[in-house]
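Novice:
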Amino acid sequence: MTIETDTVTNAGVFSPMAVPTIEGQSYVGITLNAHPGVWGPQTVGLAYQWLRSGQPVANAINRTYRLTEFDLGARISVTVTGIKEGYTSVAMFSAPTQAVTVGALTVATPLTVTGGTKLGGTLTMHLPSWSPQADMVQYAWRRDGMTLLTYGATSYTITAGDLGHSNTALASATKIGYAMNSQRVDTAIASLATFDPAPTPTILGTPLLGGTLTAVSGHWGPGTTLTFQWAANGDLIAGATSGTYQPLAADAGKRLTLRVTASQTGFATASRTSEPTAAVTLPVISPAPLPTISGPTVLGNLIAYTELMASTGTWGAADEPAVTFTYRWYVGGVLSSSISRLSVFNDSAGKTVYVVVTGSQPGHAPVSRTSAVVGPILLMPGTLVHGLIVNEAVNGTVVQGETLTLNPARWSSGISGGVYSWRFQRGGSSCADTYTPTALDVGKTITVTQRTNLPTGGNVFTVTLTVLPRTLTQTKLMTVSGTNENGQTLAVSPPEFNVTPDVVYYSWRPDDPLGRGRQFGAQLTYSIPTVIGGGRILLTMRAEKAGYPDLVQTIWVPAASQ
3 MTIETDTVTN
13 AGVFSPMAVP
23 TIEGQSYVGI
33 TLNAHPGVWG
43 PQTVGLAYQW
53 LRSGQPVANA
63 INRTYRLTEF
73 DLGARISVTV
83 TGIKEGYTSV
93 AMFSAPTQAV
103 TVGALTVATP
113 LTVTGGTKLG
123 GTLTMHLPSW
133 SPQADMVQYA
143 WRRDGMTLLT
153 YGATSYTITA
163 GDLGHSNTAL
173 ASATKIGYAM
183 NSQRVDTAIA
193 SLATFDPAPT
203 PTILGTPLLG
213 GTLTAVSGHW
223 GPGTTLTFQW
233 AANGDLIAGA
243 TSGTYQPLAA
253 DAGKRLTLRV
263 TASQTGFATA
273 SRTSEPTAAV
283 TLPVISPAPL
293 PTISGPTVLG
303 NLIAYTELMA
313 STGTWGAADE
323 PAVTFTYRWY
333 VGGVLSSSIS
343 RLSVFNDSAG
353 KTVYVVVTGS
363 QPGHAPVSRT
373 SAVVGPILLM
383 PGTLVHGLIV
393 NEAVNGTVVQ
403 GETLTLNPAR
413 WSSGISGGVY
423 SWRFQRGGSS
433 CADTYTPTAL
443 DVGKTITVTQ
453 RTNLPTGGNV
463 FTVTLTVLPR
473 TLTQTKLMTV
483 SGTNENGQTL
493 AVSPPEFNVT
503 PDVVYYSWRP
513 DDPLGRGRQF
523 GAQLTYSIPT
533 VIGGGRILLT
543 MRAEKAGYPD
553 LVQTIWVPAA
563 SQ
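Shown next, in the form of structure tokens:
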């Protein structure tokens, strides 16, 4: 540091004084700032002078100094001189900076590339800008960043040699006093052009055997060559490579697709496949009317022991091959015949009939048509075998609780049945096939009616029954064994009944004026006490069942001496 002063007689002295410092990096383009420090007393004027390698720089007298290319390699310092009236001027020198080096160009806007990377496409580079402005900009195109393609052109057209490679745009800026700055942009890999649009084809027409399907390829752009390939269930059809196709017999039941392949120089080959058609079918026979059934009737009803005929009507066009027919007759829903006629017998009574006719014609799909349902089939009655019977009785009596079952009137032809009704004297009715009389019916009559609806006219049969109360009876009587003597035991052989009682009681009552030796309960034995003196014994049996009157039987057992 050097201090320079101007001598003034009786002049003041600065205090404090400071050594100036420099702020900033020492390379071209950077602005340096001088910091003078603190000077006193207030107020001191300060003058600046920047030095290059110790020599004053012309016009560099501000507090800041921007480094230029002329400063390259030099060390920069600054002199700060304090000036105040009545004071001796003093100059203070800073320490020098490091030697000044080249500056850095800053990219203001980056290098960009626009355009497509398909064969024949054009790439355009948009040059960057630098700060400060460059003195010179150079640019070029390279393949994979290495092979020089063009120099000094901002655009480039993709060629066949670029396929599979990336193209690189390079731009370099230079300026005196600054290091060179380069920008690089690598494009995507160059490839063949692709078709746009590349529509999915469609198939026009109905997939019928012998019909014609037409390819609708859509618009692929000018200069495009299209080829076609038809497939059935995904398998290529040999020779089916035109814009139309007529389904063959081998295609029946299969779904057809069309693949369109586009090609053009400079373009990648592209294929598009249509949605599959519906399954290929045979044409349908037309017309194909419903069959009808005819046969003998009585009062408008088809009857048994006759033959029914199926009429097909007219099938197919007059100029087409003849249609052949098969038949399926259903009686009561069960397949019964496979010819054009049906004979109905007793087992068809009460059942309905319909026929299914299937027509077949060369080159056409078989068609089945079903007739309207006819019937039910009725039988001619013939001779009456028996009238209405209820529990094997035409008229008579029944017992409460006895289930009544109908045996309907029947004819020799097999006809039976009809509509049944039960009418009760107590009031009310029923239409069931069976009935069980209740306590409300006891002592009253029940009238049963069968009504038939025969082809020859209606018939009515009636049975009237009187309901008797139900009774509990013995099918085997009670007996007693043993000797009626003091100390002996009597035993009961129990009775048997027409229905099982709920409970049976036995009462033993010796003929004793004092009432001694009595026994009551379900016991079947009785031990004779010695106190009763050997008199007679009364045995009483009582059987009880819900809904029935009680049944009682008594036996006097005589004394052994009697």
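Our numbering runs 2 ahead of the 1-based position in the sequence shown.
We put the CB at the ideal spot given by N, CA and C, even for glycine.
Residue 567: buried (16+ other C-beta within 10 angstroms of its C-beta) or exposed?
Specialist: With the chain represented from 3 up to 564, any question about residue 567 goes unanswered, as that position is not in the structure.
Novice: Among 220, 373, 503, 312, whose alpha-carbon lies nearest the alpha-carbon of residue 474?
Specialist: Taking the first residue of the sequence shown as position 1, residue 474 is located at position 472. Among 220, 373, 503, 312, the Cα nearest to that of residue 474 is on 503.
Novice: Expressed to the nearest angstrom, what Euclidean distance is found between the alpha-carbon atoms of residue 167 and residue 196?
Specialist: By one-based count along the sequence shown, residue 167 stands at place 165. By one-based count along the sequence shown, residue 196 stands at place 194. Approximately 17 Å, taken between the alpha carbons.
Novice: Can you list, in chain order, the residues of its chain with a C-beta nearer than 6 Å to that of residue 327? Leave out the 5 residues immediately preceding and following it.
Specialist: Reading the sequence shown from its first residue, position 325 is the one you call residue 327. Around residue 327: 314, 359, 361.
Novice: What runs of the beta strand (DSSP E), each 3 residues or longer, lie entirely inside the region 470 to 544?
Specialist: 476 to 478, 481 to 483, 491 to 495, 505 to 512, 521 to 523, 527 to 529
Novice: Checking 8 Å against the spacing of the C-beta atoms, do residue 121 and residue 69 come in under that value?
Specialist: Here residue 121 corresponds to residue number 119 of the sequence shown, with the count starting at 1. Here residue 69 corresponds to residue number 67 of the sequence shown, with the count starting at 1. The answer is no: Cβ separation not under 8 Å.
Novice: Of the residues 529, 513, 508, which one's Cα is nearest the Cα of residue 522?
Specialist: Translated into the one-based positions of the sequence shown, residue 522 becomes position 520. Selected option, being the one with the closest Cα: 508.
Novice: Nearest by alpha-carbon distance to residue 281: which of 269, 298, 273, 259 is it?
Specialist: As a working mapping, residue 281 is identified with position 279 in the sequence shown. Among 269, 298, 273, 259, the Cα nearest to that of residue 281 is on 259.
Novice: When DSSP labels each residue in this structure, what does residue 96 get in the three-state scheme?
Specialist: Residue mapping note: residue 96 aligns to position 94 of the sequence shown, counting from 1. Residue 96 falls in the coil class under three-state DSSP.
Novice: Is any beta-carbon of chain C found at less than 8 Å from that of residue 134?
Specialist: In the structure shown, chain C cannot be found, because there is only a single protein chain.
Novice: I'd like the list of long-range same chain contacts for residue 8, defined as Cβ closer than 6 Å, with 5 residues on each side in sequence excluded.
Specialist: As a working mapping, residue 8 is identified with position 6 in the sequence shown. With a pLDDT of only 42 at residue 8, under 50, the local geometry of the prediction cannot be trusted, and the value read off the model is given with reservation. Only 90, 91 meet the Cβ criterion.
Novice: For residue 558, count neighbouring Cβ atoms within 10 angstroms of its own Cβ and tell me buried if that reaches 16, exposed if not.
Specialist: As a position in the sequence shown, residue 558 is number 556, starting the count at 1. Its Cβ having fewer than 16 others within 10 Å, residue 558 is exposed.
Novice: Using a 10 Å radius around the Cβ and a threshold of 16 neighbouring Cβ atoms, would you call residue 516 buried or exposed?
Specialist: In the sequence shown, the residue the question calls residue 516 occupies position 514. Exposed: under 16 other Cβ atoms inside 10 Å.
Novice: Ordered along the chain, which non-local residues of its own chain (more than five positions away) have a Cβ less than 6 Å from that of residue 554?
Specialist: Counted from its first residue, the sequence shown places residue 554 at position 552. Only 544 meet the Cβ criterion.
Novice: For residue 428 and residue 307, what's the separation of their Cα atoms in angstroms?
Specialist: The residue labelled residue 428 in the question sits at position 426 within the sequence shown. The residue labelled residue 307 in the question sits at position 305 within the sequence shown. Approximately 46 Å, taken between the alpha carbons.
Novice: Going along the chain, which residues of its own chain have a beta-carbon closer than 8 Å to the beta-carbon of residue 112, five neighbours each way excluded?
Specialist: For the purposes of this step, residue 112 is taken as residue 110 along the sequence shown, with counting starting at 1. The residues are 130, 185.
Novice: Can you list, in chain order, the residues of its chain whose CB lies under 7 Å from that of residue 524, leaving out five sequence neighbours each side?
Specialist: By 1-based counting over the sequence shown, the position of residue 524 is 522. Hits under 7 Å: 506, 507, 508.
Novice: Where does the unbroken beta strand (DSSP E) through residue 29 begin, and where does it stop?
Specialist: Counting from one through the sequence shown, the residue named residue 29 turns up at place 27. Judged by DSSP secondary structure, residue 29 falls outside any beta strand (DSSP E); it is assigned neither H nor E.
Novice: Out of curiosity, what's the CA-to-CA distance linking residue 1 and residue 347?
Specialist: Within the shown structure, residues of the chain are numbered from 3 to 564, placing residue 1 beyond reach of any answer.
Novice: Can you give me the start and stop residues for the beta strand (DSSP E) that residue 309 sits inside?
Specialist: Looking up residue 309 in the sequence shown gives position 307. Run containing residue 309: 308 to 313, per the beta strand (DSSP E) assignment.
Novice: So, is residue 144 buried or exposed, given that buried needs 16 or more other C-beta atoms within 10 angstroms?
Specialist: Translated into the one-based positions of the sequence shown, residue 144 becomes position 142. Buried, since its Cβ has 16 or more Cβ neighbours within 10 Å.
Novice: Let's test the definition: count the other Cβ atoms within 10 Å of the Cβ of residue 191 and tell me whether it reaches 16, buried, or not, exposed.
Specialist: For the purposes of this step, residue 191 is identified with residue 189 of the sequence shown, where counting begins at 1. Residue 191 is exposed by the Cβ-count criterion.
Novice: Measuring alpha carbon to alpha carbon, tell me which of 146, 46, 118, 374 ends up nearest residue 20.
Specialist: Translated into positions along the sequence shown, residue 20 becomes position 18. In terms of CA proximity to residue 20, 46 leads the group 146, 46, 118, 374.
Novice: For residue 486, which residues of its own chain have a beta-carbon under 8 Å away from its beta-carbon, when the five flanking residues on both sides are left out?
Specialist: Locating residue 486 in the sequence shown gives position 484, where the first residue counts as 1. Same-chain partners within the cutoff: 492, 530, 536, 538, 539, 559, 560, 561, 562.
Novice: Report the three-state DSSP secondary structure of residue 429 (helix, strand or coil).
Specialist: Residue numbering aside, residue 429 sits at position 427 when the sequence shown is read from its first letter. Coil, per DSSP.
Novice: Can you tell me whether residue 240 is buried or exposed? The criterion is at least 16 other CB atoms within 10 Å of its CB, across all chains shown.
Specialist: In the sequence shown, the residue the question calls residue 240 occupies position 238. Exposed.
Novice: From the DSSP output, in three-state form, read off residue 211 for me.
Specialist: The sequence position of residue 211 within the sequence shown is 209, counting from 1. It is coil, neither helix nor strand.
Novice: Just confirm the distance between the C-beta atoms of residue 373 and residue 298, as a whole number of angstroms; I'd bet it's less than 8 Å.
Specialist: Taking the sequence shown and counting its residues from 1, one reaches residue 373 at position 371. Taking the sequence shown and counting its residues from 1, one reaches residue 298 at position 296. The pair is not a contact, with the Cβ atoms about 17 Å apart (cut-off 8 Å).
Novice: Between which two residues does the beta strand (DSSP E) containing residue 330 stretch?
Specialist: Position 328 of the sequence shown, counted from the first residue, corresponds to residue 330. Looking at the DSSP string, the run of the beta strand (DSSP E) that includes residue 330 is 326 to 333.
Novice: Where does residue 463 land, buried or exposed, given buried means 16+ other C-beta within 10 angstroms?
Specialist: On the sequence shown, residue 463 is found 461 positions in, with the first residue counted as 1. Buried, by the Cβ-count rule.
Novice: I want to know whether the region 211 to 225 touches the region 56 to 76 - three or more CB-CB distances under 8 Å.
Specialist: no
Novice: Taking DSSP as the reference, what is the three-state secondary structure of residue 270?
Specialist: As a position in the sequence shown, residue 270 is number 268, starting the count at 1. Looking at residue 270 - three-state DSSP - the assignment turns out to be coil, as it is neither helix nor strand.
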